[in-house]
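Mapping of the sequence shown onto my numbering: position 231 corresponds to residue 243, and the numbering continues sequentially without gaps. Even for Gly, the Cβ is constructed at its ideal location relative to N, Cα and C. For clarity, every value in this text was computed on a predicted model and none was experimentally measured. One structure below.
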Amino acid sequence: MSFAESITIEALEADPYPIYAELRRSAPVAFVPAVNLWFVTRWKDVESVAKSPDIFSAAVGTSPVERSFGRPTILTTDGEVHKQLRQGVDPKYRPRTVASYANDLVRSIAEPYLDKIAAHGSAELMADYFEPVSTLALARSLGLADVDMPTLRSWFYGLAQGAINFENDPKRQEIADAISAEVGAAVRPTLERLTREPDDSALSHMLHDGMPDGSIRSIDFLMPTIKVILLGGMQEPGHGAGSILVGLLTHPEQLRRVLSDLETFVPKAVDEGLRWVAPIGTQTRQTTRPVELGGVTIPAGAPVAALVSSASRDESRFSDPDRFDIGREEGNHAAFGFGHHFCSGRFFAREQMCLALRLLLERFPDLRLVPGKEPVFRGWEFRAPATLHVTLGAN
Numbered sequence: 013m014s015f016a017e018s019i020t021i022e023a024l025e026a027d028p029y030p031i032y033a034e035l036r037r038s039a040p041v042a043f044v045p046a047v048n049l050w051f052v053t054r055w056k057d058v059e060s061v062a063k064s065p066d067i068f069s070a071a072v073g074t075s076p077v078e079r080s081f082g083r084p085t086i087l088t089t090d091g092e093v094h095k096q097l098r099q100g101v102d103p104k105y106r107p108r109t110v111a112s113y114a115n116d117l118v119r120s121i122a123e124p125y126l127d128k129i130a131a132h133g134s135a136e137l138m139a140d141y142f143e144p145v146s147t148l149a150l151a152r153s154l155g156l157a158d159v160d161m162p163t164l165r166s167w168f169y170g171l172a173q174g175a176i177n178f179e180n181d182p183k184r185q186e187i188a189d190a191i192s193a194e195v196g197a198a199v200r201p202t203l204e205r206l207t208r209e210p211d212d213s214a215l216s217h218m219l220h221d222g223m224p225d226g227s228i229r230s231i232d233f234l235m236p237t238i239k240v241i242l243l244g245g246m247q248e249p250g251h252g253a254g255s256i257l258v259g260l261l262t263h264p265e266q267l268r269r270v271l272s273d274l275e276t277f278v279p280k281a282v283d284e285g286l287r288w289v290a291p292i293g294t295q296t297r298q299t300t301r302p303v304e305l306g307g308v309t310i311p312a313g314a315p316v317a318a319l320v321s322s323a324s325r326d327e328s329r330f331s332d333p334d335r336f337d338i339g340r341e342e343g344n345h346a347a348f349g350f351g352h353h354f355c356s357g358r359f360f361a362r363e364q365m366c367l368a369l370r371l372l373l374e375r376f377p378d379l380r381l382v383p384g385k386e387p388v389f390r391g392w393e394f395r396a397p398a399t400l401h402v403t404l405g406a407n
């Protein structure tokens, strides 16, 4: 049995990084039966897959995203359909637009949670801070003003069960299908209102932007992509921020450096944390023809996982890649992907992470991990600390 054939889902969920390191060394392109995917693990190959839509199509016949959310989605299309979806999604999340609203939005959501943490004296920061801020900021930017945080978190966890269900587990699919239907029913009335009364929300832009006068994109056309945005937009900032903070709390000398100049070093910590632990691990593609890559031939019609998480720890690009180091000066990470499917919400996600961490560290500069409750990371497609128990230290 080859190494790739011995890989299990449980081992990937527990810690994929040693597995990726061995694959980069011995089998950089390999079929992994446990998840029915060809894994591509080296930076240059991952980038090549993501930037070659004629050979590696975003339309994947076995896509768990489409199976769970419907089609088309912004993740699983190329060409004109993808262009139409990006044309609607991009306006709310361009850098200058994000700069005009993100600070006030994130601060207004974060500060009440920080007040609760201060009153309590300790926190489990994933559930008590990072996930609520991330889910609410995304929902409010979309224009979902009335959906509460517990509902949003249940949506996230339910949608995620479908998106990562490469093994086609019927129990996971049942959960995802139920939540997908719930999301559709909850979001549709807002979309119907916005068809008649457009505003500056992301959902309104998706309906109207780039369309001829008097016409809109159909709700059914947009709904699968809205579910993708809800999942990715809730996942990346909240879980990314949690991983970044773990990196700082387990490297006190780096945390002291960040605290000495939050404006300079929080963004550096964010970029290094996204390299160190990618919140979303793959860009999935399907070959349009047989193709040689990494010394092997991938057959036509094969599902391929371009592992951005592995690329960001490629030894050929990053020295000592498993080490968290905010002083690293070795170029960009791969966490937001490559090519024309480069994450459309990357500016909003990064700004959210910077703001959430800065507000937290300004308020509680003496944060400490709770002994005996050290954070444990889980996941390979979506990875983050399952919990993050802290005390507030001297404060």
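Check whether P236 and H220 have beta carbons under 8 Å apart: In this structure, P236 lies away from H220, with their beta-carbon atoms at least 8 Å apart.
Segments assigned beta strand (DSSP E), at least 3 residues, entirely inside the region 192-243: Taking only runs of at least 3 residues, no beta strand (DSSP E) segment lies wholly in the region 192-243.
Run of the beta strand (DSSP E) containing F43, from where it starts to where it stops: From DSSP, the beta strand (DSSP E) with F43 extends over V41 to V44.
Buried/exposed call for T309, threshold 16 Cβ in 10 Å: T309 comes out exposed.
Extent of the continuous alpha helix (DSSP H) to which R152 belongs: According to the DSSP assignment, R152 belongs to the alpha helix (DSSP H) that extends over E143 to L154.
Contained beta strand (DSSP E) runs [length at least 3] in the region 278-314, N- to C-terminal order: The beta strand (DSSP E) runs of length 3 or more contained entirely in the region 278-314 are, from start to end of the chain, 294-299, 303-305 and 308-310.
Three-state class that DSSP yields for E327 in the structure shown: It is coil, neither helix nor strand.
Contact check, W55 vs V316, beta carbons under 8 Å: No, they are not a contact pair.
For A135 and Y141, believed in contact at Cβ under 8 Å, the rounded distance: Right, the Cβ-Cβ distance comes to about 6 Å (below 8 Å), so this counts as a contact.
Burial state of S255, where buried means 16 or more other Cβ atoms lie within 10 Å: Buried, since its Cβ has 16 or more Cβ neighbours within 10 Å.
Rounded separation between G100 and P264 - CA only: Inter-residue distance for G100 and P264 is about 43 Å (C-alpha atoms, whole angstroms).
Span separating the alpha-carbon of P144 from that of D158: Computed Cα separation, rounded: 14 Å.
Under 8 Å between C-beta atoms of H217 and D283: Their beta carbons are not under 8 Å apart, which means H217 does not touch D283 by this criterion.
Per-residue DSSP class, three states only, for P397: Strand at P397.
Contact under 8 Å by Cβ, S153 with F359: Their beta carbons are not under 8 Å apart, which means S153 does not touch F359 by this criterion.
Identity of the residues DSSP links to T403 by a beta bridge: When DSSP reads this structure, T403 sits in a beta bridge with S134 and R380.
Run of the alpha helix (DSSP H) containing W50, from where it starts to where it stops: Run containing W50: none in the alpha helix (DSSP H); it sits in the beta strand (DSSP E), L49 to V52.
Proximity of R9 and L367 at Cβ, strictly below 8 Å: The question about residue 9 has no answer, for the chain in this structure spans 13 to 407.
Proximity of T147 and L164 at Cβ, strictly below 8 Å: Against a cut-off of 8 Å, the Cβ pair of L164 and T147 comes out as a contact.
Own chain partners of L117 with C-beta closer than 8 Å, once the 5 adjacent residues on each side are dropped: These residues qualify, in order along the chain: A149, R152 and S153.
Selected residue, minimal CA-CA separation from T296, among A70, F394 and V388: It is A70.
Candidates A314, G306, I292 and V289, of which the one nearest T300 by Cα: It is A314 whose Cα lies nearest to the Cα of T300.
K95 classed as buried or exposed, judged by whether at least 16 other C-beta atoms fall within 10 angstroms: The residue in question, K95, is exposed, as its Cβ has fewer than 16 Cβ neighbours within 10 Å.
Presumed contact (8 Å Cβ cut-off) between E179 and V72, rounded CB distance: Approximately 15 Å separates the beta-carbon atoms of E179 and V72; this is outside 8 Å, ruling out the contact.
Proximal residues to F168 (C-beta, below 7 Å), its chain only, five neighbours per side dropped: Closer than 7 Å at Cβ, skipping near neighbours: T147, L243, M246 and Q247.
Limits of the alpha helix (DSSP H) - the one that L87 falls within: No alpha helix (DSSP H) holds L87; DSSP gives it neither H nor E.
Residue nearest to A318 in terms of C-alpha spacing, selected from I19, V44 and E25: The option with the nearest alpha carbon to A318 is V44.
Cα-Cα separation between I292 and Y125, rounded to whole angstroms: Note on geometry: alpha-carbon atoms of I292 and Y125 lie some 25 Å from one another.
Straight-line gap, I31 to A39 (C-alpha atoms, nearest Å): Each residue's Cα considered, the two are about 11 Å apart.
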